Structures are given as structure tokens and as C-alpha cells.
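Right, one structure below, let's go through it.
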Amino acid sequence: QFEGLLSLEAEIALLEDETGLSAGYQRCGRLIPLPKPHLRPIAERHSGEAATNWNQEGRAFDWTVLDESPFADWPSRSFSEAGVVFDRLAGRVSPRALTTAFRSRLERSGRVRLLVGSAVQSINAGASQVKLANGTIVGYGDLLVSAGVGSFPLLEAIGPALRKPLGRGVKGQSVLLKLDLPADLPLLYLDGLYVVPHEGGLVAIGSTSENTFEDPFSTDAQLDALISGARELAPVLQGAEVVERWAGLRPKAVDRDPMVGPHPDHPHVHALTGGFKVSFGIAHRLAEAALDSIGGEALSLPHGFAFAHHVSVAARRTGGEEFTEIP
Numbered sequence: 001q002f003e004g005l006l007s008l009e010a011e012i013a014l015l016e017d018e019t020g021l022s023a024g025y026q027r028c029g030r031l032i033p034l035p036k037p038h039l040r041p042i043a044e045r046h047s048g049e050a051a052t053n054w055n056q057e058g059r060a061f062d063w064t065v066l067d068e069s070p071f072a073d074w075p076s077r078s079f080s081e082a083g084v085v086f087d088r089l090a091g092r093v094s095p096r097a098l099t100t101a102f103r104s105r106l107e108r109s110g111r112v113r114l115l116v117g118s119a120v121q122s123i124n125a126g127a128s129q130v131k132l133a134n135g136t137i138v139g140y141g142d143l144l145v146s147a148g149v150g151s152f153p154l155l156e157a158i159g160p161a162l163r164k165p166l167g168r169g170v171k172g173q174s175v176l177l178k179l180d181l182p183a184d185l186p187l188l189y190l191d192g193l194y195v196v197p198h199e200g201g202l203v204a205i206g207s208t209s210e211n212t213f214e215d216p217f218s219t220d221a222q223l224d225a226l227i228s229g230a231r232e233l234a235p236v237l238q239g240a241e242v243v244e245r246w247a248g249l250r251p252k253a254v255d256r257d258p259m260v261g262p263h264p265d266h267p268h269v270h271a272l273t274g275g276f277k278v279s280f281g282i283a284h285r286l287a288e289a290a291l292d293s294i295g296g297e298a299l300s301l302p303h304g305f306a307f308a309h310h311v312s313v314a315a316r317r318t319g320g321e322e323f324t325e326i327p
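In this text, residue positions in the sequence shown follow full-length UniProt numbering: the first is 1, and each later residue adds one.
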């Protein structure tokens with residue numbers, strides 16, 4: 001993950017240079033308040049680990065424990081009884097600006113055909129074809145399935161029945177506030193709550209993490225509580241206008257790591273999904289590994305990332321016994 005975060009900066013800079021579009025990226029750092037005294041020695045231990053592990057390829061990043069934030073009331077001192085951590089490795093990007101730049105880059109390529117709004121209904125691995133929702137049949141040599149939560153049912157359907165789904169969606173609710181803050185202000189993090197200043201006078205707050213829900217795309221009182229918590233953490237947000245509230249699903253694979261690489265029974269069908277919370281920093285490295293695998297190289301990722309490993313986990317009986325097919 002460190003290698004991914006390190007290389008992400010150059011990858012985005014190249015994309016911005018090729019498209020002339022900004023992705024809103026900046027290695028702004030992160031402030032983590034320490035509300036309880038017992039957290040300070042833990043943070044100081046991490047500081048020593050960062051001095052060793054965050055010093056590679058001629059670049060070094062600090063995890064510094066401070067008595068107070070270098071930015072007034074960011075976060076509120078009421079949350080920083082034992083000080084704050086200033087993590088200088090962390091960065092932020094505008095998801096919408098980044099995907100807009102991606103699409104622009106693909107549209108300029110002479111080797112890519114975009115079928116916008118053409119959902120894939122099913123995969124016929126034996127015939128090397130996919131069927132679109134409008135009935136169109138598209139053939140492929142190799143197929144890379146990277147459709148978020150929608151990847152799991154598509155991939156489950158091409159192999160033997162499994163005891164458990166290959167993955168599921170985890171709902172997240174977030175909000176944008178309108179407030180003009182310095183663009184280089186570090187983001188704030190506390191107990192799963194992120195407050196992220198962006199360019200253009202916007203501040204993102206997120207997100208909930210919901211394993212059970214009725215409507216994946218609705219917002220509710222859980223988001224209201226998140227907004228209240230953010231305004232307590234950063235009093236400057238009090239009174240800031242709510243620009244947009246939204247919710248969506250993040251793909252979580254059946255095992256803890258993302259799911260990448262060829263299907264164990266259909267080597268020309270490849271997965272690239274299940275990143276959940278880590279895909280911001282390492283998606284480009286996962287994609288690189290997946291494409292190398294399509295090109296015939298061994299999957300250059302830990303075993304737990306392999307598609308075949310996830311299929312094995314989903315096929316296990318409750319007691320841990322593995323099998324290949326359900327009678």
C-alpha cells in the first residue's frame with residue numbers, strides 16, 4: 001500500500017498532463033487528534049515505525065506526534081487532550097474529477113471503444129461472450145470485470161455454485177459542504193470520520209459504513225449524525241451550507257483483500273474488484289498487476305488478493321472444509 005500511495009502522485013500527474021484536466025490531487029497530509037492519554041504512546045510507537053517504513057526510493061514521510069495542531073482549531077482542541085498526529089503521507093483527490101479525467105483519456109485513445117450506459121447482463125465464459133442488457137452480444141479474448149458491487153453476481157454465475165457470495169456491498173453515506181478553506185489544509189480523521197477540504201470551496205465529510213440497509217442510495221439520520229460529529233471536530237464547519245448528500249455501495253470481497261486475477265476455471269475471465277476502503281491508494285497497482293496477468297505473467301500480488309483464493313473462501317463449508325462443487 002505504501003508503494004501504491006507513493007506512485008499514485010506521479011500517475012495522477014501524468015493523467016492530468018495528458019488530458020489538461022485537474023483531478024484535485026494533493027498530498028495534503030492528515031491530522032489525527034488523540035482524545036485520550038493512552039493513545040499518545042501508541043502514536044509515538046507508530047512514529048518510529050514510519051521513520052523506517054516510510055523512507056523508500058529516496059522519499060521520506062513523517063508521522064509526527066505534536067502537543068497541538070499547527071492549524072488553529074483544526075481540529076478542535078477539545079478532541080486533542082493528548083495531542084495530535086500529523087501524518088504527511090496522506091493525500092486527497094476529487095473522485096468525480098479523477099473519473100472525468102479517466103474518461104477523457106479513454107475517449108482520446110484510438111484503441112478504446114466506450115459503450116456508455118450499456119450494462120452487462122451475463123458472461124458466457126465458454127463462448128467468450130458477454131450479453132448486454134439490450135441483448136447485444138460482444139465477444140472477447142480476455143475479459144476484465146471491474147464493475148464494483150455488480151462484479152460479484154456476474155462472476156459467481158460462471159463457475160460452480162458457492163456456499164457464500166464472492167462479495168457484497170457496504171453502504172456509505174457522505175456529504176459536501178460549501179466552505180472556502182485553504183486548499184493545502186490537511187484532512188482530519190477520527191474514528192472512521194473524514195473531513196476533507198477540496199479545491200473550489202468544498203469540504204467532503206464521510207462516510208458511514210453500513211452492512212445492513214434497506215435502500216442503498218438513500219441518506220438518513222446516520223448522515224445527520226456524521227455531519228454533527230464533523231462540525232464538533234472542526235467548529236469552522238458550523239453553519240456551512242450543505243451542497244449535496246449522497247449514498248452508494250462499495251464492493252467488499254468475501255475475504256479481507258481485493259479480488260484480482262484470472263478465474264480458476266476460466267483463465268480468460270479476470271477480476272479487478274473488491275477494493276472497498278483501500279482502492280484509493282492501490283487501484284492503479286492492482287490494475288497493473290491484472291493487466292500483466294492477462295499478458296501471461298504471474299500475478300504479482302499477495303496470495304490473498306488472487307481471484308482463485310476468493311473463490312476458494314466462498315466455497316468453504318462453515319467449519320472451514322473446502323470443496324469444488326455443491327452436489
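C-beta atoms are modelled at their ideal positions from N, C-alpha and C, and glycine is treated no differently. All of these numbers come straight from a predicted model, not from anything done at the bench.
Is it true that the CB of residue j sits closer than 8 Å to the CB of residue i?
i	j	result
Pro186	Leu31	yes
Asp215	Cys28	no
Ala82	Pro35	yes
Leu233	Phe79	yes
Leu21	Thr99	no
Glu57	Leu6	yes
Thr52	Phe86	no
Ala314	Lys164	yes
Trp74	Val236	yes
Pro251	Gly167	yes
Asn92	Phe61	The question names Asn, but residue 92 is Arg in the sequence shown. Against a cut-off of 8 Å, the Cβ pair of Phe61 and Arg92 comes out as no contact.
Gly141	His268	yes
Ala253	His303	no
Asp224	Gly201	no
Ala221	Lys171	no
Gly139	Ser128	yes
I'd like the span of the beta strand (DSSP E) that includes residue i, first residue to last.
i	result
Gln222	Note, Gln222: premise wrong, no beta strand (DSSP E); alpha helix (DSSP H) at 221 to 233.
Leu177	167 to 178
Leu187	187 to 190
Thr273	269 to 273
Leu8	Segment 2 to 19 is the alpha helix (DSSP H) holding Leu8; no beta strand (DSSP E) there.
Cys203	Before going on, a small fix: residue 203 reads as Val here, not Cys. It spans 202 to 206 - the beta strand (DSSP E) in which Val203 sits, taken as one unbroken run.
From which residue to which residue does the alpha helix (DSSP H) around residue i run?
i	result
Leu34	It is not in any alpha helix (DSSP H) - Leu34 carries neither H nor E in the DSSP assignment.
His284	279 to 294
His198	Note, His198: premise wrong, no alpha helix (DSSP H); beta strand (DSSP E) at 193 to 198.
Val254	That residue, Val254, is in no alpha helix (DSSP H); it is neither H nor E in DSSP.
Leu181	Counting along the chain, Leu181 falls outside any alpha helix (DSSP H), and DSSP gives it neither H nor E.
Phe307	307 to 315
Quick one, which of the options has its alpha-carbon nearest residue i's?
i	options	result
Ala119	Ser151, Leu89, Val84, Ser279	Ser151
Gln173	Gly281, Asn124, Arg245	Arg245
Leu188	Gly229, Ala287, Ser128	Gly229
Val84	Leu66, Lys277, Ser76, Asp73	Leu66
Glu241	Arg231, Gly275, Pro267, Ser293	Arg231
Ser109	Thr19, Ala283, Phe307	Thr19
- Pair every Cβ in the segment 39 to 58 with every Cβ in the segment 196 to 211, then say whether three or more of these pairs are closer than 8 Å. no
- Could you say if the segment 258 to 266 and the segment 148 to 161 meet the contact criterion of at least three C-beta pairs nearer than 8 Å? yes
- Touch test, the segment 98 to 112 against the segment 4 to 23, Cβ-Cβ under 8 Å, three pairs minimum: yes
- Ordered list of alpha helix (DSSP H) runs contained in the segment 61 to 129, each at least 4 residues: DSSP runs (the alpha helix (DSSP H)) wholly in the segment 61 to 129: 95 to 108.
- Run through the segment 135 to 169 for me and flag every whole beta strand (DSSP E) of 3 or more residues, listed as ranges in chain order. 137 to 139, 143 to 145
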